[in-house]
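Visitor: Questions regarding the structure given below will be posed in turn.
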DNA sequence: CGAAAATTTGATCGAAGTCAATCATTGTGG
DNA sequence: CCACAATGATTGACTTCGATCAAATTTTCG
């Protein structure tokens, strides 16, 4: 896929961009293809890049006391960045890695800021991305606070019906805030009933 | 305080607004003063209003199986709205109430959208509000996922050192996702040591 | 094919929840 | 301005869900 097509998808999904804005965005961004397991961001690094997933999947995770905890998945037509580092210019607590062969569009924060200052359309697009992310985080807090391990699992299946085919149960369990063992037991019960 | 002063504070805190934009915002917004316990939004209501707290405090909460769970506090110079209802035009799962005598600036979603479409400055301001909220939610997820009840309490004290003087322990406990009894026990230990 | 990674299964434990009974503080009407 | 009801906070006894630790089994892939 070429950059213009990708930017059109983005424009359709988030907010309309005028032609001049699209063109300039195209000039500022690069297409990147990575193999499974390759790393976009490492812990401790200050990352000023945002990634739009054209095809494939990625996850952000931390190592908390040696344990690998997935904090975010991003699939086709999603954005991902090292959220704390990107917005607060601090060392990233997250790693970001690619879960399969993945094609991305990369743009730097500087360029996003230039585009946002110059084009109202682009400011609107980043606003929509932030707002959608905000709503998703809000829903996740409700899920974490009120749901049992089993409800959390059912809930993620509703949002992403085929997620178990795309990510390992280890990553999925840590994402919904339960242990791998508990997830395994929940799944066992479900197939029985 | 008059509207112009309030809008200047908002412009300073979030993103600069030009004079024309400030003036128009002033025309679209209303000052409202409420007494302790008065309600801004009720569960089930579709709320299209955003509130900027000039002075006082508010909280958003749900009734989950009869239990009152605080989901958000807003103090001076914070925004608050019924986040799900406002952005997705659905019945609000939240109530929003005023915790003490509180002065607010109210603006409707329609007017926010008009201002955002017309003024790049205003779009930028709403973008900043969404981004800040997103980062706060993200931090809260990390806190909920990794911290013990005691760490959650220490954590909220770091962010809001005098929060226990402004909100009841009942509300605080539910906000950090622990029971009132557990919070009480944590506080007892701390004063002893 | 065989090693490494992922998942399942089992046994045990503990942090925090629940339920229940005071105790303390606050605010209002007589 | 006090009484006392209502609300908020503390304390205790007990329970539970899901974590942890450990081992076995299955899957993946070089």
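Residue numbers (the working numbering), protein chains in the order written: chain S, 33 to 225; chain V, 33 to 225.
Think of the CB as a built atom: it goes at the ideal place given N, C-alpha and C, for glycine as much as any other residue.
All figures in this text were calculated on a predicted structure; none of them were measured in a lab.
Which same chain residues end up closer than 6 Å to residue 209(V) when comparing Cβ atoms and leaving out the 5 residues on each side of it in sequence?
Guide: Walking along the second chain from the start, residue 209(V) turns up at place 177. Excluding sequence neighbours, residue 209(V) sits near 176.
Visitor: Tell me residue 91(V)'s beta-bridge partners as DSSP assigns them.
Guide: Here residue 91(V) refers to the residue found at position 59 when the second chain is read from its first residue. DSSP output for residue 91(V) lists 105(V), 129(V) as bridge partner(s).
Visitor: Return yes when the Cβ of residue 135(S) is within less than 9 Å of the Cβ of residue 76(S), no when it is not.
Guide: Numbered from its first residue, the first chain carries residue 76(S) at position 44. Numbered from its first residue, the first chain carries residue 135(S) at position 103. Result no, Cβ atoms of residue 76(S) and residue 135(S) do not sit closer than 9 Å.
Visitor: Pull up the distance between the alpha-carbon of residue 79(V) and that of residue 99(V), whole angstroms please.
Guide: Your numbering for residue 79(V) matches position 47 in the second chain. Your numbering for residue 99(V) matches position 67 in the second chain. Approximately 22 Å between the Cα atoms of the pair.
Visitor: The alpha helix (DSSP H) that contains residue 227(V), what's its start and end?
Guide: As displayed, chain V neither begins before 33 nor continues past 225, which places residue 227(V) out of reach and without an answer.
Visitor: Does DSSP put residue 135(S) in a helix, in a strand, or in coil?
Guide: Start at 1 with the first residue of the first chain, and residue 135(S) comes out as number 103. In the structure shown, residue 135(S) sits in a strand (DSSP, three-state: E or B).
Visitor: Return the CA-CA distance between residue 212(V) and residue 169(S), expressed in angstroms with no decimal places.
Guide: Your numbering for residue 212(V) matches position 180 in the second chain. Your numbering for residue 169(S) matches position 137 in the first chain. Going by the C-alpha atoms only, they are around 25 Å apart.
Visitor: Mind checking whether residue 137(V) and residue 53(V) have CB atoms under 9 Å apart?
Guide: Stepping through the second chain from its first residue, residue 137(V) is reached at position 105. Stepping through the second chain from its first residue, residue 53(V) is reached at position 21. In this structure, residue 53(V) does not lie closer than 9 Å to residue 137(V) by Cβ.
Visitor: Just by C-beta distance, which residues in the stretch 159-178 of chain S are closer than 7 Å to chain V?
Guide: Cβ contacts with chain V come from 159, 162, 163, 165, 166, 167, 169, 170, 172, 173, 176, 177, 178.
Visitor: Mind listing, in chain order, the continuous beta strand (DSSP E) runs of no fewer than 3 residues lying wholly within the stretch 54-88 of chain S?
Guide: Listed in chain order, the complete beta strand (DSSP E) runs (minimum 3 residues) inside the stretch 54-88 of chain S are 62-66, 71-73, 81-87.
Visitor: Which first and last residues belong to the alpha helix (DSSP H) in which residue 112(S) is found?
Guide: Counted from its first residue, the first chain places residue 112(S) at position 80. Residue 112(S) -> not in any alpha helix (DSSP H); beta strand (DSSP E) instead, spanning 111-113.
Visitor: Residue 63(S): which of 86(S), 108(S), 106(S), 214(S) sits nearest, CA to CA?
Guide: Locating residue 63(S) in the first chain gives position 31, counting from the first residue. It is 86(S) whose Cα lies nearest to the Cα of residue 63(S).
Visitor: Could you check whether residue 181(V) and residue 202(V) sit closer than 9 Å to each other, using their CB atoms as the reference points?
Guide: Locating residue 202(V) in the second chain gives position 170, where the first residue counts as 1. Locating residue 181(V) in the second chain gives position 149, where the first residue counts as 1. No; because the gap between Cβ atoms is not below 9 Å, this pair is not in contact.
Visitor: Under the three-state reduction of DSSP, which class applies to residue 97(V): helix, strand or coil?
Guide: Numbered from 1 along the second chain, position 65 holds the residue referred to as residue 97(V). Correct three-state label for residue 97(V): coil.
Visitor: Determine the direct distance from the alpha carbon of residue 39(V) to that of residue 204(S), and round the result to whole angstroms.
Guide: As a position in the first chain, residue 204(S) is number 172, starting the count at 1. As a position in the second chain, residue 39(V) is number 7, starting the count at 1. Looking at the two C-alpha atoms, the distance is approximately 44 Å.
Visitor: Comparing alpha-carbon positions, which option in 110(S), 101(S), 71(S) lies nearest residue 41(S)?
Guide: The residue you call residue 41(S) lines up with position 9 of the first chain. Nearest option by C-alpha distance: 110(S).
Visitor: CA-CA distance, residue 3(S) and residue 172(V)?
Guide: An answer regarding residue 3(S) cannot be provided, because it is not within the stretch 33 to 225 covered by chain S.
Visitor: Run down chain S in chain order and give the residues with a C-beta less than 8 Å from the C-beta of residue 155(V).
Guide: Along the second chain, one-based indexing puts residue 155(V) at 123. 152, 155, 156, 159, listed in chain order.
Visitor: State buried or exposed for residue 161(S), treating a residue as buried only when at least 16 other CB atoms are found within 10 Å of its CB.
Guide: As a working mapping, residue 161(S) is identified with position 129 in the first chain. So residue 161(S) counts as buried.
Visitor: Residue 200(S): which of 191(S), 150(S), 131(S) sits nearest, CA to CA?
Guide: The residue you call residue 200(S) lines up with position 168 of the first chain. Selected option, being the one with the closest Cα: 131(S).
Visitor: With a threshold of 7 Å on Cβ separation, who are the neighbours of residue 58(S) within its own chain once the five nearest residues in sequence on each side are excluded?
Guide: As a position in the first chain, residue 58(S) is number 26, starting the count at 1. Here the set comprises 35, 36, 39.
Visitor: Can you grab the Cα-Cα spacing for the pair residue 190(S) / residue 49(S), in whole Å?
Guide: Sequence index remark: in the first chain, residue 190(S) carries index 158 (1-based). Sequence index remark: in the first chain, residue 49(S) carries index 17 (1-based). One C-alpha to the other measures close to 31 Å.
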